[in-house]
Amino acid sequence: MNLNQSIAITYILLATTPAAFAEPRVNYSGYIVCQKLSTTRNLLQSPVSVVIDGEKVVLTRPIFNPARTFVVSNESALGSISPNGEIQIESRFDSNESSFIGKYSGSLKDESGILRGAQEWTMTKGAESRQCSIAFIQHK
Numbered sequence: 001m002n003l004n005q006s007i008a009i010t011y012i013l014l015a016t017t018p019a020a021f022a023e024p025r026v027n028y029s030g031y032i033v034c035q036k037l038s039t040t041r042n043l044l045q046s047p048v049s050v051v052i053d054g055e056k057v058v059l060t061r062p063i064f065n066p067a068r069t070f071v072v073s074n075e076s077a078l079g080s081i082s083p084n085g086e087i088q089i090e091s092r093f094d095s096n097e098s099s100f101i102g103k104y105s106g107s108l109k110d111e112s113g114i115l116r117g118a119q120e121w122t123m124t125k126g127a128e129s130r131q132c133s134i135a136f137i138q139h140k
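And the structure:
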């Protein structure tokens, strides 16, 4: 392969890479909605922050007490984005009374993304699973 062929292939790869993947750091905000747990009053609806930095994806959101009267911690989900915009992230939370593993996947298209997944909870009252959806848009 000569230099001109290498340059042409590099140009094609860069031209077909989604903008969010090519940019060094892009910030998004949105919401996560999850089914109600037996220990909570309502379903979860909480703001999220998503940062995509190259191939890395970080999602954060507050974790509330069961009555949703104060924040007890934060969920931080880490993962990756593929060149075609597919996202895979996973989080772990552990406290004295409960813990969960969250797994979410979906895609980024243009300036917004949608992820779906589940949280597998272990609590003093037993184990539960709940489905979650996350939607977010790029900050301008």
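The numbers in the sequence shown follow the numbering used here, run straight up by one, and end at 140.
Glycine is no exception: its CB is placed at the ideal position from the N, C-alpha and C atoms.
| Query | Result |
| --- | --- |
| Nearest by alpha-carbon distance to S107: which of I81, R61, E75, S38 is it? | I81 |
| Who pairs with R61 in a beta bridge, going by DSSP? | E75 |
| I'd like the list of long-range same chain contacts for Q88, defined as Cβ closer than 7 Å, with 5 residues on each side in sequence excluded. | G79, S80, S105 |
| Out of curiosity, what's the CA-to-CA distance linking Q138 and S49? | 10 Å |
| Taking the C-alpha atoms as reference points, what is the distance between I63 and L115? | 18 Å |
| Quickly, what does DSSP pair P47 with across the bridge? List them, please. | Y31 |
| Given a cut-off of 8 Å, decide if V57 and C132 are closer than it, judged by their beta-carbon atoms. | no |
| Determine the closest residue to L24 out of T40, V51, K36, E97, with distance taken between C-alpha atoms. | Per the sequence shown, residue 24 should be read as Pro rather than Leu. For the residues T40, V51, K36, E97, the minimum Cα distance to P24 belongs to V51. |
| In three-state DSSP terms, what is F136? | strand |
| In three-state DSSP terms, what is S80? | strand |
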